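In this note's numbering, the protein residues as written are 6 to 411. By construction, the Cβ of each residue, glycine as well, lies at the ideal position given by its N, Cα and C atoms. These numbers come from a predicted model, not from an experiment. Following: one structure in structure tokens, then a few remarks.
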């Protein structure tokens, strides 16, 4: 019944790529990589990520790098704050300002610090997707043709390409370059109010139904009459109230799998307001992960193939929402991301690769340094041997599988 806590660098108990590289004597530079706050030792230099509380924090390694970054950046911004805002013009300016500053710092680090491996994460594309998707996508429910922000995302991508070009111009032409995203993006049709749906279907009982939209909280719940509750986010997480496991559990352990099966079937049957099945899927975490730790959800839920997000708030008086409970949001995360790799001067003419997974990136990096890939590391090395004869228009992969270019 506890609230969530943010995962941070101390939550990670296994080696990261830069840990392996650092121990092998390679110089590393990290800029804005998620879950590097609070910063810890690497053989090189680090500026931590968007989860950094503020500029008052110790956000660099080594510590003295902080003053250097502050001077170069004229202050430093970790993220585009409040990107779920109706003030789109001001948001657009802040996205550009953040990206411009970030690349300015990246170029400074690239030319002034020794490094064998340099990794930066730019949050601008994610923030502009969430803020501006409806303006360009003619299939979005809120799209208006000819609106003044119709080309905001396209223009930003052109600007971003120019920044990347200037950054690459700072590097030796033999440098191996990877452009990787941790997820894709797509239009969001709306939100399924997960806890409202659970209330309607008799799984969740509140002590008193709130008179306004209210964030879900354990103190709102009548646990003696509750079998399940859910969390919001790009996907949903569902927790069961199991006797002997939760403090006030009501589901008998021998009914646990029956209730999970029942919920999986009910979630798959969810319809939109017009009565059309939206195609939702619920998975047991053990079906997706080789290992689960801590308190995993009992079900991981993807509403409408990610065209719908999970809304956790209660007091909505509907199982549907067309406004995000955390602010205006036009896009959701999508299954397939992007992978591009330039292997030095070698020109393969844009070889298309298939069946890639995000976990393939780490062993691919280690192979570039001729370092052994740990036996327990998931993923495999990406190279041009993974080309095939898939039709160009064929959909390839889901749940982290993707298409890339070498």
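- Query: DSSP state of residue 55, grouped into three classes?
  - Reply: Coil.
- Between residue 434 and the rest of its own chain, which residues show a CB-CB distance below 7 Å, the 5 nearest in sequence each way excluded? Not covered by the structure: residue 434. The range shown for the chain is 6 to 411.
- Alpha carbon to alpha carbon, what distance is there between residue 232 and residue 4? For the chain, the structure presents residues 6 to 411; residue 4 sits outside this window and is missing.
- Message: Between the alpha carbons of residue 124 and residue 114, how many angstroms are there, rounded?
- Response: About 11 Å.
- Message: To the nearest angstrom, how far is the alpha carbon of residue 39 from that of residue 11?
- Response: Distance from the CA of residue 39 to the CA of residue 11, rounded to the nearest whole angstrom, comes to 11 Å.
- Could you pull out every unbroken alpha helix (DSSP H) segment of at least 4 residues lying fully inside the stretch 313-377, listed in chain order? Note on the stretch 313-377: whole alpha helix (DSSP H) runs with a minimum of 4 residues are 366-373, in chain order.
- Which whole-angstrom value is the C-beta distance of residue 56 and residue 13, which I expect to be below 8 Å? So it is a contact: roughly 7 Å between Cβ atoms.
- Report the rounded CA-to-CA distance for residue 382 versus residue 368, giving the unit in angstroms. Residue 382 and residue 368: Cα-Cα distance of roughly 8 Å.
- Query: What are the uninterrupted segments assigned as alpha helix (DSSP H) that are 4 or more residues long and contained completely in the stretch 91-134, given in chain order?
  - Reply: Those alpha helix (DSSP H) runs which fall completely within the stretch 91-134 and span 4+ residues are 93-117.
- Item | Residue(s) in a DSSP beta bridge with residue 197 | Residue pairing by DSSP places residue 197 opposite 315, 325 in a beta bridge.
- Using DSSP with H/G/I as helix, E/B as strand and the rest coil, what is residue 11? Note: residue 11 maps to coil in three-state DSSP.
- residue 192 burial status per 10 Å Cβ neighbour count (16 or more: buried): With at least 16 other beta carbons inside 10 angstroms of its own, residue 192 counts as buried.
- Name, in chain order, the residues that DSSP records as bridge partners for residue 392. Residue pairing by DSSP places residue 392 opposite no residue, since no beta bridge is assigned to it.
- Query: Thinking just about the alpha-carbon of each residue, which of 392, 366, 380, 120 is nearest to the one in residue 183?
  - Reply: When the alpha-carbon of residue 183 is set against those of 392, 366, 380, 120, the nearest one is in 366.
- Task: Label residue 396 either buried or exposed according to how many other C-beta atoms from any shown protein chain fall within 10 Å of its C-beta, with 16 as the threshold for buried.
- Result: For residue 396, the predicted structure reports a pLDDT of 44, less than 50, and the residue's modelled location is therefore unreliable. The matter cannot be settled from this model.
- Item | Close beta carbons around residue 291, own chain, < 7 Å, minus the five adjacent residues each side | Within its own chain, the residues whose Cβ lies closer than 7 Å to the Cβ of residue 291, once the five positions on either side in sequence are excluded, are 297, listed in chain order.
- Message: In this structure, how does DSSP classify residue 165 when only helix, strand and coil are distinguished?
- Response: Note: residue 165 maps to helix in three-state DSSP.
- Query: What number of angstroms, rounded off, separates the C-alpha of residue 333 from the C-alpha of residue 195?
  - Reply: Taking the Cα positions, residue 333 is about 11 Å away from residue 195.
- Task: For the alpha helix (DSSP H) holding residue 71, just list the boundary residues, first then last.
- Result: Here the alpha helix (DSSP H) through residue 71 covers 70-78.
- Task: Kindly indicate if chain C contains any beta-carbon less than 8 Å away from that of residue 65.
- Result: You won't find chain C in this structure, because it holds only one protein chain.
- Under the three-state DSSP convention, the category residue 190 falls into: Of the three classes helix, strand and coil, the one that applies to residue 190 here is strand, per DSSP.
- Query: Mind pulling the beta strand (DSSP E) runs of 3 or more residues that sit fully within the stretch 225-283?
  - Reply: Within the stretch 225-283, complete beta strand (DSSP E) segments of at least 3 residues are found at 233-236, 241-245, given in chain order.
- Helix, strand or coil at residue 288 [DSSP, three-state]: Strand, per DSSP.
- Write down the C-beta distance between residue 133 and residue 169 rounded to the nearest angstrom, noting that I regard them as a contact closer than 8 Å. Contact between residue 133 and residue 169 is ruled out by a C-beta separation of about 15 Å, above the 8 Å threshold.
- Message: Quick check: what's the CA-CA separation for residue 201 versus residue 97?
- Response: Those two C-alpha atoms are separated by around 34 Å.
- Pick from 319, 93, 32: whose alpha carbon is nearest that of residue 226? In terms of CA proximity to residue 226, 319 leads the group 319, 93, 32.
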